[in-house]
Amino acid sequence: MSSFAFLEQLWIARYVILSGLGTTVSISLLAIVAGSLFGVLVGLALVYGGTVLRVIVRAYTDIIRGTPVLVLVLASYYVSAAAGVDLGPFSAGILALAVFCSSHIGEIVRGALQAIPKGQTEAAKAIGLTFGQTFTSVLWPQALRQCLPAWVNTAAEMVKASTLLSVIGVAELLLRTQEIISRNFMSLQFYFLAGALYFIVNFGIERFGKYVERKTALPS
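Here the working numbering is used: the first residue of the sequence shown is 13, the next is one more, and so on.
If you want it as structure tokens, here you go:
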């Protein structure tokens with residue numbers, strides 16, 4: 013009887029759940045992409061930037077990595093509003109997650125680049141390659157293979173961190189689930205469902221990472 017009641021409530025709330033899931037996936041994807049792109053720039057600055065730039069970027073990464081995600085979310089929303097910039101909950105949430113993601117990706121990229129022997133960069137210069145050509149053709153393909161496992165973990169963390177955006181009113185999966193539970197009081201069933209959906213999203217990220225890893229692997 014309880015199973016039938018749950019299925020009935022699930023059918024009633026199907027569009028609400030799908031809406032929340034879509035918002036979670038959208039926010040996570042945008043934050044991961046933006047954070048990864050900016051994180052690569054952070055990593056490059058940490059390894060190849062001048063002294064002043066390295067000090068500034070190092071301070072940025074240390075401060076952001078040491079700040080809880082919830083604080084970044086609240087700061088992105090309320091500080092931006094106080095400064096006269098109306099980002100809205102959705103944009104503020106993406107900004108907070110992307111900034112947090114970039115600090116971690118930056119450290120991952122830094123470690124991967126520093127693990128590449130310096131002789132390869134010197135050899136690229138010797139044959140007349142610009143830094144851009146050296147990075148895209150010599151450094152990045154090698155760094156990417158080292159970055160992938162940690163990148164997958166960071167991407168999964170961004171999906172889980174998206175649950176914190178409910179505090180600023182973003183109607184992601186967790187908030188939608190809580191709204192449904194407030195109407196039917198089926199806490200266990202719907203929280204279990206939400207957990208399963210988060211697992212599916214993160215499993216998809218993990219499989220994508222494995223796919224890219226296979227594509228970029230050196231032939232044996």
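Ideal Cβ positions, reconstructed from N, Cα and C, are used throughout, including at glycine.
Between the beta-carbon of residue i and the beta-carbon of residue j, is there less than 8 Å?
i    : j    : result
G162 : I192 : Rather than Gly, the amino acid found at residue 162 in this sequence is Ala. For A162 and I192, no; Cβs fall outside 8 Å.
I320 : I106 : What is shown of the chain runs 13 to 232, which leaves residue 320 out entirely.
V59  : Q145 : no
G221 : V171 : no
G51  : G118 : yes
H116 : R77  : yes
Quick one: grab the DSSP three-state call for residue i.
i    : result
I217 : helix
D74  : helix
M13  : Only weak support is given to the placement of M13: the predicted model assigns it a pLDDT of 48, under 50, and the value that follows is read from those uncertain coordinates. M13 falls in the coil class under three-state DSSP.
M198 : coil
G181 : coil
T228 : helix
P80  : coil
L141 : coil
I68  : helix
G62  : coil
A135 : helix
Do you know how far the Cα of residue j is from the Cα of residue i?
i    : j    : result
M13  : L19  : Residue confidence is low: M13 scores 48 on pLDDT, short of 50, so the model does not pin down where it sits. Its coordinate-derived value is still stated next. Looking at the two C-alpha atoms, the distance is approximately 10 Å.
G47  : S149 : 22 Å
I128 : F143 : 15 Å
L42  : T79  : 21 Å
L151 : V45  : 20 Å
S178 : F215 : 23 Å
V37  : L205 : 16 Å
So residue i and residue j are in contact, right, with Cβ under 8 Å, and what is the actual spacing, rounded?
i    : j    : result
A110 : Y89  : Their Cβ separation, rounded to whole angstroms, is 14 Å, which puts A110 and Y89 out of contact at 8 Å.
L33  : L176 : Rounded, the Cβ-Cβ distance is 17 Å, inconsistent with contact.
A124 : A168 : That belief does not hold up - the Cβ atoms of A124 and A168 are roughly 19 Å apart, past 8 Å.
Closer than 8 Å is the cut-off here; do at least three beta carbon pairs connect the region 125-139 with the region 72-81?
no
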